Every structure is written in C-alpha cells, then in structure tokens.
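Chemist: Once you've had a glance at the structure underneath, I'll fire off some questions.
In my numbering, the protein residues as written are 1 to 330.
In structure tokens:
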C-alpha cells in the first residue's frame, strides 16, 4: 500500500502526546440515527448509530469502537464524517453497556468476543449487500481475530475488506504496558473510573442468590489498581477464562493473522504507548491478505497531522478509505 505517514509535528512525536492531543481536535458528532437491536445473547439491546446515504446502493462502513468508546469517540466522529463526505452509509456498532445503554445480558464485552462481532456483521449484512469494517483498539483486535477464525474455518466473512487500527494484537504485551510506568499513570485510572461502576452494577452480581459474591467482588473492584486487576476479578471469570493470562492468550488476534482471507489493513503506530513495538507482527506472521502499515508516529489512535498549517486527525479516515478503494479496484 502506497500510504504516506502522518505529517506529525515534532512536538507530538511522543506517543503519549499524540494520543492525548488527538482528543482535543475532536469535532462535533454528525446527526446519527440510533437503533437499538438485540445482541448475540438475545438478552440485552445494543446501540447502532447510523449515518444514512441518500443512495441505498452504496456500501456501508461499520466501526467497532475501543474500550469504553462510542460513536462520540474522536476516531468514530472523524470516520463517520469522512464516510458522509464519500456518500456511503456508516454505522458505529456499540458493544454491550456502551453508548449509554444498560447491559442486561449475562456477559459483558471483551477483546476476543468474536461471537458478537460476527453477530453484528450478520445483522447488518441482512440489510446492506456491501460492507467494509473498521475496528479500533479493542474493537480492532476482536475484528481481526474474527476474520482469522473465519479464514481458519474456510468461512466467508460478510465484509469486502477491513481495517484494524491500533489493535493490541498481543494482549499480554499490552497488559504489561498498562500495568506499569507512564501508560499506567496516564490511562489506567481513566478506564477504571468507567469500568468499575459498570461492573458493580452488573446484573450477575445483583441477584439475591449471588449477593455474597457481589459484595466480595464490589470490595475487590474498589481496590483495583490496574486493568490487569480488573480483568482478573471481572472480565476473565465472567467469560469463562481461568485468569487474565488465559484471557489474554486466547483473545489475542496475533496468532490468527496467518489465517485472514479477506483484505485487512493492520495499522499500528510504532510509538503506540499501549503496545511495545517488539509485539507488532512482521510480514512472516500474517497472511498475504494482510497489509501491515506501521508509521513511526501516531500514538494510540492519535495520528495527528499538520496539513497546510492546520492540525487535524483526518489522516486516519483518509488512509483507511483509500485502502478500501484500492481493494475494490481490479
């Protein structure tokens, strides 16, 4: 792929600076049309925020957000605005409990929940004959893993092409980053302040027969210092994993990249503070269908660029949509 790296200003070449500054460039969300649709368990509803094109025959681009993200995350807003300018349909598909919708299912969402990814894509494929998909961070890992699973089983995925952006392809390596140093200091409390209240209110821990477990879990959750602690206490046991290490091992998309059979752009900045550069996949670790794009700068879903003297976060949607256009060209 002939893509240029973002024109990152020198004072944003630090991955943390690029990551945090990108949020300051977030624009006003487009006028979404929201639908509440069942999840894969049939026991809760999830939010789909649509952008509708006047042309019913154009493709749909679906965005799977990151940890505690939504259609109002900076990357989702920019992607949907770009889709709108292109004249396509667009949708941000929210995971359980996200987008302001209470989760009443017996499970939460996590980095390896490919069952939910597949269900969402099948739901949309019933309406739209041509779909492109973008997964960001957690959503990128889940999407890439899903595509690898489908390829391994020789099943056709309902997407023409996909992109995984800033995906933590090796969750154990990402977990190590999050549990120590500057990454822990800058980001961990931000995520825990959102995740812990949701976990405390989770229906699994609120029924009378599980009240002792709920009280014990609530006490433990209040003492979480890292995302690893949270995954040990909540994510792993809730979804049938032995512990966080088992969860990370089974849910990482990296081992599945050799089996991806549809065009997939795997975009990771080398200076992403959420993932050490040595964990990034090489060309020998992916299938011929996977295009690796690893610019030196961009942080975690930052990719701030200076164009014509103006700082913006338009490089990401332009690059992804250019890749989709290239895959559609014979």
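Even for Gly, the Cβ is constructed at its ideal location relative to N, Cα and C.
A quick note: this is a predicted structure, and the numbers were derived from the prediction, not measured.
#1: Would you check if the segment 255-271 and the segment 282-291 touch, i.e. whether three or more CB-CB distances between them fall below 8 angstroms?
#2: Is residue 40 buried or exposed, if buried means 16 or more other CB atoms sit within 10 Å of its CB?
#3: With which residues is residue 38 paired in a DSSP beta bridge?
#4: By the three-class DSSP mapping on this structure, what secondary structure does residue 310 have?
#5: With a threshold of 16 other CB atoms inside 10 Å of the CB of residue 12, please say whether the residue is buried or exposed.
#6: Output the distance between the C-alpha atoms of residue 15 and residue 116, rounded to the nearest integer angstrom.
#7: Between the segment 88-100 and the segment 55-65, can you find at least three pairs of beta-carbon atoms closer than 8 angstroms?
#8: Compare the C-alpha of residue 52 against each of 85, 17, 322, 25 and name the closest.
#9: Going straight from the alpha carbon of residue 214 to that of residue 192, what length do you get?
#10: Tell me the DSSP secondary structure of residue 324 in three-state form.
#11: Report the three-state DSSP secondary structure of residue 205 (helix, strand or coil).
#12: Starting from the C-beta of residue 162, find all residues in its chain whose C-beta is less than 8 angstroms away, skip the five residues before and the five after it, and write them out in chain order.
#13: Look at residue 194 and residue 166 and say whether their C-beta atoms are less than 7 angstroms apart.
#14: Would you check if the distance between the CB atom of residue 139 and the CB atom of residue 248 is smaller than 7 angstroms?
#15: Do residue 101 and residue 31 have their beta-carbon atoms positioned less than 7 angstroms apart in this structure?
#16: What number of angstroms, rounded off, separates the C-alpha of residue 88 from the C-alpha of residue 59?
#17: Compute the Euclidean distance between the alpha carbons of residue 83 and residue 275, then round it to the nearest angstrom.
#18: For residue 291, name the three-state secondary structure that DSSP assigns.
#19: Using three-state DSSP, classify residue 174 as helix, strand or coil.
#20: Residue 67 by DSSP, collapsed to three states: which one?
#21: Excluding sequence positions up to five away, which residues of its chain have a Cβ less than 8 angstroms from the Cβ of residue 221?
#22: Helix or strand or just coil, what does DSSP make of residue 53?
#23: Determine the burial state of residue 127: buried for a count of at least 16 other Cβ atoms within 10 Å of its Cβ, exposed for fewer.
#24: Grab me the residues of residue 173's own chain with a C-beta within less than 7 angstroms of its C-beta, minus the 5 sequence neighbours each way, in chain order.
#25: Would you report the Cα separation of residue 241 and residue 72, rounded to the nearest angstrom?
Modeler: Based on what the coordinates show:
#1: yes
#2: buried
#3: 45
#4: strand
#5: buried
#6: 31 angstroms
#7: yes
#8: 85
#9: Here residue 214 scores only 45 on pLDDT, less than 50, and its place in the model should not be relied on; the value that follows carries that caveat. Approximately 18 angstroms between the Cα atoms of the pair.
#10: helix
#11: Caution applies to residue 205, whose pLDDT of 49 falls short of 50 and renders its modelled position unreliable; the value that the coordinates give is listed next. If DSSP states are grouped into helix, strand and coil, residue 205 belongs with the helices.
#12: 132, 133, 134, 135, 143, 144, 147, 262, 263, 264, 265
#13: no
#14: no
#15: no
#16: 6 angstroms
#17: 28 angstroms
#18: strand
#19: helix
#20: coil
#21: 196, 199, 200, 230, 233, 234
#22: coil
#23: exposed
#24: 275, 276, 279
#25: 31 angstroms
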